[in-house]
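>
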Amino acid sequence: MSTSATVDGTAPATRATRIEIAVSVGELVDKVTILEIKAERIGDPAKLANVGRELAVLRGSLDGLIAAEPGIASLKGELRRVNETLWQIEDDIRDCERSKDFGPRFVTLARSVYRTNDARAALKRAIDDLVGSELVEEKSYSAY
C-alpha cells in the first residue's frame with residue numbers, strides 16, 4: 063500500500079496499489095480463464111494492458127499449481143469453454159436489449175445464464191476437490 067498526505071495535513075489517505083487475498087483454487091482458475099477470454103476479445107489497448115498485467119500475475123500463481131496437479135489443466139479447459147459460452151450469452155442478451163427483443167430468444171438466453179453458471183460452479187468445485195483446496199466456494203439456490 064502507498065500513502066500520501068492530505069492537503070490540509072490531516073491523516074494521510076491510503077491508496078491500495080495491489081491487495082492480495084486468499085481464494086480457492088477453483089476461483090483462481092476461473093479468474094484466469096476469464097482474463098484469457100478478455101485478452102482475446104478486448105480491442106482497447108489500455109484495457110488490454112490492464113488485463114495483461116493481471117493475467118501475468120495470476121498465471122504466475124496458477125502455473126505452479128498445474129505443474130503439481132496436471133488434472134487441473136483439463137478442468138481449466140472445460141471451465142474456459144463454459145466461460146466463453148457465458149460471454150456469448152451475455153453478448154446475445156445485450157443484443158436483444160439493444161433491439162428491444164424480449165421474446166422467446168431473450169427468455170431462452172436469460173434462462174441459460176443460471177444453467178451455465180451452475181456448470182461453471184460445478185467445475186470450480188471439481189477443481190477445489192481435486193486439489194483439496196482449503197477454501198471452497200459454496201452456492202445455495204432453489205432447485206429448478
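Residues 63 to 206, numbered by our numbering, are exactly what the sequence shown covers, in order. Cβ atoms here follow ideal geometry from the backbone N, Cα and C, with glycine treated the same way.
Phenylalanine 164 lies in the alpha helix (DSSP H); which residues open and close that run?
Counting from one through the sequence shown, the residue named residue 164 turns up at place 102. Unbroken run through phenylalanine 164: none, as it is neither H nor E.
> Considering only the alpha carbon of each residue, which of Glu102, Gly105 and Leu97 lies closest to valine 119?
Looking up residue 119 in the sequence shown gives position 57. Per the Cα distances, Leu97.
> Under the three-state reduction of DSSP, which class applies to arginine 80: helix, strand or coil?
Taking the sequence shown and counting its residues from 1, one reaches residue 80 at position 18. Coil at arginine 80, not helix or strand.
> Is the Cβ-Cβ distance between serine 123 and aspartate 190 less than 8 Å?
Taking the sequence shown and counting its residues from 1, the one referred to as residue 123 is at position 61. Taking the sequence shown and counting its residues from 1, the one referred to as residue 190 is at position 128. No; because the gap between Cβ atoms is not below 8 Å, this pair is not in contact.
> So for alanine 172, helix, strand or coil by DSSP?
On the sequence shown, position 110 is the one that residue 172 refers to. Three-state DSSP puts alanine 172 in a helix.
> Where does lysine 201 fall in DSSP's three states?
Looking up residue 201 in the sequence shown gives position 139. Looking at lysine 201 - three-state DSSP - the assignment turns out to be coil, as it is neither helix nor strand.
> Among the residues of its own chain, which have a CB less than 6 Å from the CB of serine 64, if the five just before and after it don't count?
In the sequence shown, residue 64 corresponds to position 2, counting from 1. Residue placement at serine 64 is flagged as unreliable, the pLDDT there being 45, under the threshold of 50; a coordinate-derived value is accordingly withheld.
> How would you call tryptophan 88, buried or exposed, if buried means at least 16 neighbouring beta carbons within 10 angstroms?
To locate residue 88, count along the sequence shown from 1; it is residue 26. Note that residue 88 is glycine in the sequence shown here, rather than tryptophan. It is buried - the Cβ of glycine 88 has at least 16 other Cβ atoms within 10 Å.
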